[in-house]
Amino acid sequence: MGKVQELSVALKDNKVVYSPGEFVTGEVRVKLSAHLNFKALKVNCIGSCGVTNKANDTAWQMEEQYFSSTLVVAEKGSLAAGEYTYPFQFLLPATAPTSFEGLFGKISYRVKATLETARFSKDYKTEKVFYILNLLNLNDISDIEQPNVVSMTKKFSYLIVKSGVVALTVSTNLKGYTSGQIIQLTTAIQNKSGKDMGTVVASLIQKVTYKSKRLIYDLRTIAEVEGSGVKSWKHAEWKEQIIVPALPQSSLHGCNLIQIDYFIQVSIRSPEILVSLPIYIGNIAVNSPPLTPSRQSQAVQPTVIPTAPPAEDIGATGYQPMDSIILPTKSHSQQQTLSPHTYSQASGFESNTREQLPGPMLCISTGATVPYYADGPVVADLSENPLILPPEYSSWAYPYDPPPTYEESCSSANSSMSAGQ
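Under my numbering, residues -4 to 416 are what the sequence shown spells out, in order.
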């Protein structure tokens, strides 16, 4: 490095995560092996967002800047060999969005130091990355503590001349969760036909929208649970739990280029039927306790009451009244479960008491977390998670076209049913 043996930025108390409205305080450290003439030592604190249409590319097609402040901590002069420190302080704006890193863009913050030297000598530069956590308090969202319920009924054909009806009701105990909490999922399925149904699959889906020159959608299956199929003329109830892993928060307030959404998707493979429940992922948990089992069962009553089959099916099936059964789970998979060092136990398992953390968790990308309080250097725990697209999106021109809406899904299902008839 020549005369400059060290040029570094150190943040006070090795802090790496800040809140909007806080001061970023630190110092620039310079170590010289010989006399050096310089023009200025400048420190720049900058926050920005960039998006592109190529995965893991940093040649941004769209950018927005949240702030950029520059201090001249040393004017033109000369320094003898030795070690020097120059303090700095910057005030972060109250509107700065939470840090985020994704496949097609990121929100980043850094402090850059530049030692400008003589005319024909190269300048020396260094930078220090830090993170901002703009808390999403789930209690600020209307009706967040209420159960989330959606129902759908579909008529389908089988064996050329026969028809049946499947009714699907899905609910979650809350509309919003934080990392480490349990999504209590209840699914009621009524198979009013003489045909056995395919397996039922529940998925926690993350959708990140990047607003480049054209919209780009990054869909990721975070967790997936598969239940058994429902036999003919059966009414089944399926209860499952999904642990919310370390995930970026739903809302990036202050950012106009990146949007994050989450939803629970439940689908039956045969006949094809799909419903989605939007949920929020935040940093501050809902204060109200989840519903007790008795209250939950009242809130999630099936919207379709078991009835007799169509008249044309009675002779063929030997109709009997519909039986109610508990549907077993075939498989349960998640990209990442929580480390035992992060939580003593997940809420909703053996105890309702959750260990008090020193601060909210900041997750800059799926599976990558940053400690809220840190001593010494911090290395984000990055996990290599492959992108998994739900099967029903496979025919769409990912990543440029959005997934089908509820209305489009229904329209497609009706067209398929008409063609089968």
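For each residue, glycine too, the CB sits at the ideal point set by N, CA and C.
All values reported here derive from a predicted model rather than from experimental measurement.
Out of the options, which one is the CA nearest neighbour of residue i?
i    : options                   : result
N143 : D135, T182, V106 and T324 : T182
K26  : N9, L163 and A75          : A75
V196 : A280, I268, K206 and M147 : I268
E122 : S245, E22, Q260 and V225  : E22
R264 : S207, T324, I211 and T194 : T194
Y61  : P15, W55 and W228         : P15
S137 : K101, N282, E232 and M57  : N282
K7   : P82, C40 and I41          : P82
E96  : G45, I139, N134 and T90   : G45
E111 : N9, A162, S207 and K37    : K37
G189 : S158, T216 and G171       : S158
P273 : A54, N9, N168 and L357    : N168
Q201 : V124, K71, Y257 and G72   : Y257
K71  : E221, R114 and V106       : R114
A280 : L163, D135 and K149       : D135
R215 : A91, I139, S360 and K325  : S360
E235 : S326, N129, E58 and N132  : S326
S425 : R105, A29, I155 and I184  : Here the chain has residues from -4 to 416 only, and residue 425 is not among them.
E221 : L130, R24 and I237        : I237
E78  : R24, A89 and F125         : R24
V4   : V106, Y119 and T65        : V106
To the nearest angstrom, how far is it from the Cα of residue i to the Cα of residue j?
i     : j    : result
T109  : H248 : 31 Å
V165  : L180 : 7 Å
Q254  : V203 : 6 Å
E219  : I320 : 22 Å
V12   : L31  : 35 Å
K117  : L199 : 51 Å
G(-3) : K34  : 17 Å
G175  : V270 : 25 Å
R209  : K49  : 12 Å
F99   : C358 : 17 Å
S223  : S262 : 12 Å
D52   : P243 : 20 Å
P323  : W233 : 7 Å
L86   : E17  : 6 Å
S152  : V161 : 11 Å
E59   : S43  : 6 Å
K206  : L252 : 5 Å
K10   : I139 : 32 Å
Q0    : Q56  : 37 Å
K149  : V156 : 17 Å
P92   : A231 : 44 Å
Where do the N-terminal and C-terminal ends of the beta strand (DSSP E) with residue i fall, by residue?
i    : result
K71  : It is not in any beta strand (DSSP E) - K71 carries neither H nor E in the DSSP assignment.
N282 : From DSSP, N282 is part of no beta strand (DSSP E); its letter is neither H nor E.
Q176 : Note, Q176: premise wrong, no beta strand (DSSP E); not H, not E.
N39  : L31 to V46
C358 : L357 to S360
G21  : F18 to L27
D135 : It is not in any beta strand (DSSP E) - D135 carries neither H nor E in the DSSP assignment.
M147 : N143 to Y153
T164 : K157 to T167
P323 : Note, P323: premise wrong, no beta strand (DSSP E); not H, not E.
F125 : Y119 to I127
T93  : Run containing T93: none; DSSP gives neither H nor E here.
V11  : Premise fails: V11 is in no beta strand (DSSP E) and is neither H nor E.
A231 : K229 to I238
State the CB to CB distance for the pair residue i and residue j, rounded to an integer number of angstroms; the pair is presumed to be in contact (CB under 8 Å).
i    : j    : result
C40  : V67  : Rounded, the Cβ-Cβ distance is 13 Å, inconsistent with contact.
D191 : S227 : 6 Å
I178 : I259 : 7 Å
N186 : V225 : 5 Å
C250 : I127 : Actually they do not touch by this definition, with Cβ atoms about 11 Å apart.
I184 : L154 : Contact flag wrong, Cβ pair sits at about 21 Å.
A241 : M356 : 6 Å
Residues bridged to residue i by DSSP?
i    : result
H248 : None, per the DSSP bridge assignment.
S262 : V196 and L269
P82  : E22
Y212 : T204
Check whether the Cβ of residue i sits closer than 7 Å to any heavy atom of the ligand GDP, and report yes or no.
i    : result
Q179 : No copy of the ligand GDP appears in this structure; indeed no ligand is present at all.
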